[in-house]
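Contents: one structure, followed by commentary.
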Amino acid sequence: MQNHYEKNLVINNRELVYKGIFRADELFSTINRALEQRGYTKREKKTEETVTEAGRRTYVELRPFKVINNYAELLIKIKITLDNITETVEEFNNEKRKFQKGDVQMYIDAWLLTDYQSRWGMKPFVWFMKGVINKFVYRWPQEAGFPGQLSEDTAYVYAQIKRILNSYKFDVGKVIREEDVRQQIAEDIQKSE
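Those letters in the sequence shown? Residues 9 to 201, per this note's numbering, in order.
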């Protein structure tokens with residue numbers, strides 16, 4: 009990846025917090041699949057793992073990117089912290105499955121990176137005027153859709169992560185569904201009659 013002269017933060021610290029059981033391998037494969045579906049090249053910036061008495065702590069920082077053209081690139085920065093992770097076995101559909109239990113914290117930033125070094129815009133006055141016009145008057149068609157595309161891609165990845173984490177609550181029956189409550193109330197009414 010090259011140096012970029014303009015870095016525009018489109019989404020800042022979108023947070024996702026989850027406590028409970030999950031499978032780390034499914035979580036990371038969901039993230040990878042969502043990024044591949046949107047055309048991003050995966051890149052892992054940092055991975056740390058610490059073992060404590062309370063459990064394992066893992067920190068992973070991903071920086072997937074998508075090259076739009078010679079001058080623009082989309083970057084999603086995903087910081088994942090898995091804290092107090094312990095192994096647990098839960099029963100699901102009459103079979104025992106191995107899960108991890110702990111806290112998941114995720115922060116997602118989305119950056120639009122542009123580099124117009126070799127273009128006409130490097131002259132200071134023209135660069136300034138282009139910036140003012142871009143900000144307040146007219147957005148050049150070449151770069152008008154980039155923030156929207158980046159927001160859509162980030163929202164898609166966020167939704168996929170949230171969907172997989174919420175599915176674990178239903179898998180092991182930790183969340184009471186509305187249909188189950190209605191059925192239980194109907195049974196109680198029939199018993200009392």
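Ideal placement from N, C-alpha and C gives every residue a C-beta, glycine not left out.
- Message: Cutting at 6 angstroms between CB atoms, please list the residues of its own chain near residue 62, excluding the five before and the five after it.
- Response: Looking up residue 62 in the sequence shown gives position 54. Taken in chain order, the residues that qualify are 92.
- Task: Verify whether the separation of the beta carbon atoms of residue 29 and residue 107 is less than 8 angstroms.
- Result: In the sequence shown, residue 29 corresponds to position 21, counting from 1. In the sequence shown, residue 107 corresponds to position 99, counting from 1. In contact: residue 29 and residue 107 (Cβ atoms closer than 8 angstroms).
- Query: residue 40 lies in the alpha helix (DSSP H); which residues open and close that run?
  - Reply: The residue you call residue 40 lines up with position 32 of the sequence shown. Where residue 40 is concerned, the enclosing alpha helix (DSSP H) stretches over 32 to 45.
- Would you mind working out which of 111, 81, 136 sits nearest residue 66, comparing C-alpha positions? Counting from one through the sequence shown, the residue named residue 66 turns up at place 58. Among 111, 81, 136, the Cα nearest to that of residue 66 is on 111.
- Message: I need the boundaries of the beta strand (DSSP E) containing residue 103, first residue and last residue.
- Response: In the sequence shown, the residue the question calls residue 103 occupies position 95. First-last of the beta strand (DSSP E) with residue 103: 103 to 122.
- Query: Straight-line CA distance for residue 199 to residue 177?
  - Reply: As a working mapping, residue 199 is identified with position 191 in the sequence shown. As a working mapping, residue 177 is identified with position 169 in the sequence shown. Whole-angstrom Cα-Cα distance: 30 angstroms.
- Item | Spatial distance of residue 87 from residue 152 (CA atoms) | By one-based count along the sequence shown, residue 87 stands at place 79. By one-based count along the sequence shown, residue 152 stands at place 144. In a straight line, the C-alpha of residue 87 is about 28 angstroms away from that of residue 152.
- Task: Using 10 angstroms around the beta-carbon of residue 171, count the other beta-carbons present and answer buried if the total reaches 16, otherwise exposed.
- Result: Numbered from its first residue, the sequence shown carries residue 171 at position 163. Residue 171 comes out exposed.
- Task: Give the range of the beta strand (DSSP E) segment to which residue 73 is assigned.
- Result: If you number the sequence shown from 1, residue 73 lands on position 65. Where residue 73 is concerned, the enclosing beta strand (DSSP E) stretches over 73 to 75.
- Message: Closer than 8 angstroms is the cut-off here; do at least three beta carbon pairs connect the region 46 to 63 with the region 134 to 144?
- Response: no
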